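Note sheet for the following structure.
In our numbering, the protein residues as written are 99 to 252.
The structure is reproduced here in C-alpha coordinates:
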(Lines of atoms letter the chains of each structure in order from A and count residues from 1; the text may use other names and numbers.)
(Lines give C-alpha, C1' and ligand atoms only; values in the text may rest on other atoms or scores of the structure.)
Protein backbone atom coordinates (compact mmCIF):
# COMPACT_ATOMS: atom_id res chain seq x y z
CA UNK A 1 0.00 0.00 0.00
CA UNK A 2 2.87 2.28 0.72
CA UNK A 3 4.06 1.65 -2.77
CA UNK A 4 0.72 2.44 -4.33
CA UNK A 5 0.46 5.54 -2.19
CA UNK A 6 3.92 6.72 -3.29
CA UNK A 7 3.08 5.82 -6.89
CA UNK A 8 -0.19 7.74 -6.66
CA UNK A 9 1.65 10.71 -5.15
CA UNK A 10 4.23 10.62 -7.95
CA UNK A 11 1.43 10.48 -10.54
CA UNK A 12 -0.38 13.39 -8.88
CA UNK A 13 2.84 15.41 -8.75
CA UNK A 14 3.60 14.58 -12.38
CA UNK A 15 0.14 15.61 -13.48
CA UNK A 16 0.32 18.79 -11.38
CA UNK A 17 3.74 19.59 -12.78
CA UNK A 18 2.56 18.93 -16.33
CA UNK A 19 -0.53 21.10 -15.84
CA UNK A 20 1.56 23.88 -14.40
CA UNK A 21 4.07 23.56 -17.21
CA UNK A 22 1.30 23.71 -19.81
CA UNK A 23 -0.13 26.76 -18.05
CA UNK A 24 3.33 28.36 -18.01
CA UNK A 25 3.82 27.55 -21.69
CA UNK A 26 0.39 29.00 -22.46
CA UNK A 27 1.34 32.22 -20.61
CA UNK A 28 4.70 32.41 -22.44
CA UNK A 29 3.03 31.76 -25.78
CA UNK A 30 0.46 34.47 -25.13
CA UNK A 31 3.13 37.01 -24.13
CA UNK A 32 5.18 36.06 -27.21
CA UNK A 33 2.13 36.43 -29.42
CA UNK A 34 1.46 39.84 -27.88
CA UNK A 35 5.09 40.88 -28.35
CA UNK A 36 5.16 39.68 -31.96
CA UNK A 37 1.84 41.41 -32.64
CA UNK A 38 3.26 44.68 -31.28
CA UNK A 39 6.42 44.30 -33.39
CA UNK A 40 4.36 43.59 -36.52
CA UNK A 41 2.09 46.59 -35.81
CA UNK A 42 5.14 48.83 -35.28
CA UNK A 43 6.71 47.58 -38.51
CA UNK A 44 3.44 48.15 -40.35
CA UNK A 45 3.18 51.71 -39.05
CA UNK A 46 6.82 52.37 -39.93
CA UNK A 47 6.40 50.98 -43.44
CA UNK A 48 3.20 53.01 -43.91
CA UNK A 49 4.96 56.21 -42.82
CA UNK A 50 7.98 55.53 -45.02
CA UNK A 51 5.73 54.76 -47.99
CA UNK A 52 3.75 57.98 -47.47
CA UNK A 53 6.98 59.99 -47.22
CA UNK A 54 8.22 58.38 -50.42
CA UNK A 55 4.94 59.15 -52.21
CA UNK A 56 5.16 62.80 -51.08
CA UNK A 57 8.75 63.05 -52.30
CA UNK A 58 7.83 61.53 -55.66
CA UNK A 59 4.92 63.99 -56.00
CA UNK A 60 7.23 66.92 -55.16
CA UNK A 61 9.76 65.66 -57.69
CA UNK A 62 7.04 65.39 -60.33
CA UNK A 63 5.94 68.98 -59.65
CA UNK A 64 9.56 70.14 -59.85
CA UNK A 65 10.10 68.26 -63.10
CA UNK A 66 6.88 69.71 -64.53
CA UNK A 67 7.94 73.24 -63.58
CA UNK A 68 11.41 72.67 -65.04
CA UNK A 69 9.92 71.38 -68.29
CA UNK A 70 7.55 74.37 -68.45
CA UNK A 71 10.46 76.77 -67.93
CA UNK A 72 12.56 75.10 -70.61
CA UNK A 73 9.64 75.10 -73.08
CA UNK A 74 8.91 78.76 -72.37
CA UNK A 75 12.55 79.68 -72.80
CA UNK A 76 12.68 77.81 -76.09
CA UNK A 77 9.60 79.70 -77.30
CA UNK A 78 10.84 83.12 -76.17
CA UNK A 79 14.50 82.79 -77.23
CA UNK A 80 13.86 83.53 -80.95
CA UNK A 81 12.02 86.73 -79.97
CA UNK A 82 14.88 87.77 -77.70
CA UNK A 83 17.38 87.12 -80.48
CA UNK A 84 15.37 89.26 -82.90
CA UNK A 85 15.05 92.12 -80.40
CA UNK A 86 18.81 92.04 -79.76
CA UNK A 87 19.52 92.06 -83.50
CA UNK A 88 17.17 95.02 -84.02
CA UNK A 89 18.74 96.89 -81.11
CA UNK A 90 22.21 96.35 -82.59
CA UNK A 91 21.01 97.64 -85.99
CA UNK A 92 19.39 100.66 -84.36
CA UNK A 93 22.56 101.42 -82.42
CA UNK A 94 24.60 101.30 -85.63
CA UNK A 95 22.12 103.61 -87.36
CA UNK A 96 22.15 106.13 -84.50
CA UNK A 97 25.97 106.29 -84.12
CA UNK A 98 26.49 108.86 -86.92
CA UNK A 99 23.77 111.12 -85.50
CA UNK A 100 25.26 110.97 -82.02
CA UNK A 101 28.74 111.71 -83.37
CA UNK A 102 27.31 114.66 -85.35
CA UNK A 103 25.55 116.05 -82.27
CA UNK A 104 28.71 115.66 -80.19
CA UNK A 105 30.72 117.50 -82.86
CA UNK A 106 28.23 120.39 -82.85
CA UNK A 107 27.91 120.61 -79.06
CA UNK A 108 31.65 120.40 -78.28
CA UNK A 109 32.44 123.96 -79.49
CA UNK A 110 29.49 125.28 -77.47
CA UNK A 111 30.59 123.56 -74.28
CA UNK A 112 34.19 124.66 -74.81
CA UNK A 113 32.99 128.25 -75.32
CA UNK A 114 30.84 128.16 -72.16
CA UNK A 115 33.72 126.67 -70.19
CA UNK A 116 36.05 129.39 -71.48
CA UNK A 117 33.58 132.12 -70.47
CA UNK A 118 32.53 130.68 -67.11
CA UNK A 119 36.03 129.68 -65.98
CA UNK A 120 37.35 133.23 -65.47
CA UNK A 121 34.07 134.25 -63.86
CA UNK A 122 34.29 131.47 -61.26
CA UNK A 123 37.94 132.30 -60.62
CA UNK A 124 36.99 135.96 -60.13
CA UNK A 125 34.09 135.03 -57.85
CA UNK A 126 36.35 132.78 -55.77
CA UNK A 127 38.97 135.51 -55.40
CA UNK A 128 36.30 137.97 -54.25
CA UNK A 129 34.64 135.58 -51.82
CA UNK A 130 37.88 134.24 -50.27
CA UNK A 131 38.50 137.29 -48.04
CA UNK A 132 34.89 137.16 -46.86
CA UNK A 133 35.12 133.48 -45.92
CA UNK A 134 38.40 134.15 -44.09
CA UNK A 135 36.73 136.93 -42.09
CA UNK A 136 33.77 134.69 -41.20
CA UNK A 137 36.14 131.94 -40.06
CA UNK A 138 38.01 134.41 -37.81
CA UNK A 139 34.70 135.66 -36.42
CA UNK A 140 33.57 132.11 -35.57
CA UNK A 141 36.95 131.38 -33.98
CA UNK A 142 36.66 134.51 -31.80
CA UNK A 143 33.12 133.52 -30.76
CA UNK A 144 34.37 130.01 -29.87
CA UNK A 145 37.25 131.42 -27.85
CA UNK A 146 34.98 133.85 -25.97
CA UNK A 147 32.45 131.08 -25.31
CA UNK A 148 35.15 128.83 -23.91
CA UNK A 149 36.37 131.66 -21.68
CA UNK A 150 32.84 132.05 -20.23
CA UNK A 151 32.56 128.38 -19.32
CA UNK A 152 33.48 127.42 -15.76
CA UNK A 153 36.76 125.53 -15.40
CA UNK A 154 36.42 121.78 -15.31
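Yeah, the Cβ is synthetic: ideal placement off N, Cα and C, and Gly gets one too.
It should be emphasised that the depicted structure is a prediction, and the values quoted were computed from it without experimental measurement.
In this model, residue 210 and residue 196 are separated by some 21 Å (Cα to Cα). The alpha-carbon separation between residue 237 and residue 227 amounts to approximately 15 Å. Annotation: residue 222 to residue 216 spans about 10 Å, alpha carbon to alpha carbon. Taking C-beta separations shorter than 8 Å and ignoring five residues to either side along the sequence, residue 248 has no partners in its chain.
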